[in-house]
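For the record, the sequence lines run as chains A and B. Quick note on this note's numbering: the first sequence kicks off at 70 and runs consecutively. Quick note on this note's numbering: the second sequence kicks off at 31 and runs consecutively. In what follows, a single structure is set out as structure tokens and then discussed.
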Amino acid sequence: EVQLVESGGGLVQPGGSLRLSCAASGFSFSDFNMNWVRQAPGKGLESVSYISGSGTTLYYADSVKGRFTVSRDNARNSLYLQLDSLRAEDTAIYYCATLRGGVGSQRFDSWGQGTLVTVSS
Amino acid sequence: IQLTQSPSSLSASVGDRVTITCRASQDISSCLAWYQQGPGKSPKLLIYAASTLQSGVPSRFSGNGSGTDFTLSINGLQPEDFATYYCQQLKSFPHTFGGGSKVETK
Chain A
70 EVQLVESGGG LVQPGGSLRL SCAASGFSFS DFNMNWVRQA PGKGLESVSY
120 ISGSGTTLYY ADSVKGRFTV SRDNARNSLY LQLDSLRAED TAIYYCATLR
170 GGVGSQRFDS WGQGTLVTVS S
Chain B
31 IQLTQSPSSL SASVGDRVTI TCRASQDISS CLAWYQQGPG KSPKLLIYAA
81 STLQSGVPSR FSGNGSGTDF TLSINGLQPE DFATYYCQQL KSFPHTFGGG
131 SKVETK
């Protein structure tokens with residue numbers, strides 16, 4: 070059974086940093102491209118970042134580019150998101166999700182339970 | 031690529047047929063997925079490639095469309111279907127989501 074467990078969220082002051090982790094199990098982690106998606110309180114979903122299975126291809130939403138860094142450790146079956154220069158508008162639940170499928174059939178088919186990041190003084 | 035969902039909310043009763051639309055700002059072929067999110071829950075994949083039902087998802091859910099116009103239909107709404115639904119394009123990065131459509135009890 071695929072399982073994704075996020076951790077590392079918490080309360081941080083504006084300008085501060087956090088490192089989120091996503092522990093994966095139940096599948097061959099290195100074979101899957103991974104994503105971080107966030108959801109601000111009472112709002113919709115926003116795709117924040119993408120990393121390929123090998124870790125060589127990365128994408129970021131414009132809203133976090135230059136401040137967030139995605140990485141992975143395939144030996145540890147773990148995905149990470151380094152959040153720097155945090156702003157109040159980064160307050161959200163952060164989910165990790167697997168990206169499955171080829172061209173024309175891609176989808177985020179497994180999601181973690183999320184970890185809450187609150188940016189406030 | 032921008033995705034516009036409508037309606038943003040709707041009221042329905044158990045047994046109703048419900049249809050939600052998603053319009054893309056440019057041609058995305060069939061690179062569209064639909065998700066369901068219950069209160070306090072993580073999103074759940076329902077449909078991908080515009081019309082392919084995810085394994086384990088009830089057949090009352092169906093998806094249609096290609097290019098820029100897509101629909102999600104629920105045929106015979108069940109109590110567990112009262113939730114928020116999101117479309118997502120996977121044609122190009124970033125893989126943007128629509129604003130959501132909340133299905134509420136009438």
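For glycine and all other residues, C-beta sits at the position ideal for the given N, C-alpha and C.
A:A161 has A:V186 as its beta-bridge partners, per DSSP. The straight-line gap separating the alpha-carbon atoms of B:R47 and B:L83 is approximately 17 Å.
Interface annotation for the segment 125-147 of chain A against chain B: Y128, A130, criterion Cβ-Cβ distance under 7 Å.
Taking a C-beta distance under 8 Å as the contact criterion, B:L102 and B:I58 do not qualify as a contact pair.
Under the 8 Å criterion on CB atoms, B:Y115 is classed as non-interfacial with respect to chain A. Contact check for A:T184 and A:G77: beta-carbon distance about 6 Å, within the 8 Å limit, so the pair qualifies.
The beta carbon of A:D100 does not come within 8 Å of any beta carbon belonging to chain B, so the residue lies off that interface. In the structure shown, A:A144 falls within a helical segment according to DSSP collapsed to helix, strand and coil.
Listed in chain order, the positions of the segment 172-184 of chain A with a beta carbon within less than 7 Å of a beta carbon of chain B are G173, S174, Q175, R176, F177, D178, W180, G181, Q182, G183. In this structure B:V87 does not touch B:F112 by the C-beta definition: roughly 16 Å separates them, more than the 8 Å allowed. Taking 8 Å as the cut-off, the Cβ atoms of B:A54 and B:I77 do not count as close. Counting only the Cα atoms, A:L89 lies some 26 Å from B:W64. The alpha-carbon separation between B:T135 and A:S99 amounts to approximately 43 Å.
A residue is called buried when at least 16 other Cβ atoms come within 10 angstroms of its Cβ; B:G130 meets this threshold and is buried.
The beta-carbon of A:E70 is placed no less than 8 Å from the nearest beta-carbon of chain B.
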